[in-house]
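These notes concern the structure reproduced below.
In the numbering used here, the protein residues as written are 28 to 412.
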């Protein structure tokens, strides 16, 4: 008994018995393939068209609402006001042509809220026509902040510092004088007893946006306190010949004005301490210059040395009332760590090199003073007036 014959699958385009082409099957399959190809073409072509249009639309939106890239066209500085919101900052950037849309910037800033909260007021270095992202990156990088720096030089008395600060900041000098009239605002050390001369430490300071006179001066006092703490100035002063911090600061101010080189600072301090211990007048031209409000000269005249000021150490014996300048760290250190020696005199014998001779008797000192006179006469006529 034979098995029933199964329906033949058309797995070939030829007749299995005759080997002839089955033209009907060929036509049928060609139609199927063509339908698939047409469908694929439509699908691919439509997808390409849709994708292309989507990309073009995205780019049109992006370029309409934002510049592309971080390079930009030109450098520009923009000022971020104190307390400005991201929307306000965005408007500032848009007005300066840094970004194209403040709305785009604000929306981008929302994606980085922690960093946005830390954006500082100030002036920033930017580039024109950069993306919102690039602009935001610049704002959160502190290296892009334009720093407004001021410098207080070593050896300036308080009146000179005030005049300098007024000039550097553009604030009225009267504003600084008002602070000095109420020195409690400066939070001076207790041992200053409200006397600000000598406590504005000479250094370079950053000035913030729209500063006040107090905001400019107080960092200099704060820096003084840091330096004094680092030197253990108060404790060392108590153990030094000065006996207390205020007198030690007064000595440091003398050293700042009289010593030419760092190597001689501790020796100059010792000379003044020795003279005080022996009841000799200090005979410092620097104190006479302070008494007469003189600047820019090394020497003083006989008339100036005749002043009745308590700062005139040619007439007054003992300590002067207080500092005559704001000393630098090296002078403060010398005041509480004076060199060991019996010197009672010193004189600079070469104003160009700062060469200084120290002596323990008047005869030797007079010989050194003669060297200075020879130098002045031969090397710098008129300079030693």
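Ideal placement from N, C-alpha and C gives every residue a C-beta, glycine not left out.
None of these values were measured; they are calculated from a predicted model.
Does the separation of the CB atoms of residue i and residue j fall below 8 Å?
i           : j           : result
residue 334 : residue 318 : yes
residue 248 : residue 214 : yes
residue 246 : residue 232 : yes
residue 206 : residue 176 : no
residue 278 : residue 266 : no
residue 276 : residue 311 : no
residue 300 : residue 268 : yes
residue 129 : residue 93  : no
residue 375 : residue 287 : yes
residue 203 : residue 219 : no
residue 162 : residue 96  : no
residue 165 : residue 171 : yes
residue 104 : residue 167 : no
residue 155 : residue 101 : yes
residue 363 : residue 198 : no
residue 356 : residue 254 : yes
Start and end of the alpha helix (DSSP H) containing residue i?
i           : result
residue 291 : 289-304
residue 393 : 389-406
residue 116 : 113-122
residue 244 : 240-258
residue 314 : 312-318
residue 331 : Segment: none, residue 331 is in no alpha helix (DSSP H) and carries neither H nor E.
residue 273 : 272-285
residue 324 : Taken as a continuous stretch (DSSP letters only), residue 324 belongs to no alpha helix (DSSP H), as it is neither H nor E.
residue 142 : 140-143
residue 159 : 159-166
residue 200 : 200-208
residue 358 : 356-363
Closest by CA to residue i, which one among the options?
i           : options               : result
residue 290 : 277, 307, 263 and 360 : 360
residue 201 : 408, 227 and 240      : 240
residue 184 : 221, 209 and 227      : 227
residue 99  : 321, 159 and 113      : 159
residue 339 : 316, 388, 323 and 321 : 316
residue 107 : 327, 122 and 309      : 122
residue 395 : 372, 380 and 410      : 372
residue 385 : 292, 364, 400 and 332 : 292
residue 411 : 391, 327 and 198      : 327
residue 195 : 178, 204 and 208      : 178
residue 115 : 102, 132, 101 and 103 : 132
residue 380 : 174, 399 and 388      : 399
If residue i sits next to residue j, beta carbons under 8 Å apart, how far is it from one beta carbon to the other, in whole angstroms?
i           : j           : result
residue 235 : residue 352 : That belief does not hold up - the Cβ atoms of residue 235 and residue 352 are roughly 27 Å apart, past 8 Å.
residue 378 : residue 407 : 7 Å
residue 272 : residue 264 : 4 Å
residue 346 : residue 294 : The Cβ separation is near 20 Å, so there is no contact.
residue 413 : residue 153 : There is no way to answer for residue 413, as the model of the chain reaches only from 28 to 412.
residue 283 : residue 348 : 17 Å between Cβ atoms; not a contact.
residue 230 : residue 250 : 5 Å
residue 252 : residue 223 : 13 Å between Cβ atoms; not a contact.
Could you spell out the range, first to last residue, of the beta strand (DSSP E) harbouring residue i?
i           : result
residue 373 : 372-375
residue 150 : 149-154
residue 382 : Neither: residue 382 is in no beta strand (DSSP E) and is coded neither H nor E.
residue 187 : Counting along the chain, residue 187 falls outside any beta strand (DSSP E), though it belongs to the alpha helix (DSSP H) covering 185-196.
residue 102 : 102-107
residue 134 : It is not in any beta strand (DSSP E) - residue 134 instead sits in the alpha helix (DSSP H) that spans 129-136.
residue 178 : 175-178
residue 234 : 231-234
- Just checking, does the region 287-306 make contact with the region 321-336 on the three C-beta pairs under 8 Å criterion? no
- Item | Three-pair Cβ contact test at 8 Å for the region 108-126 versus the region 142-160 | yes
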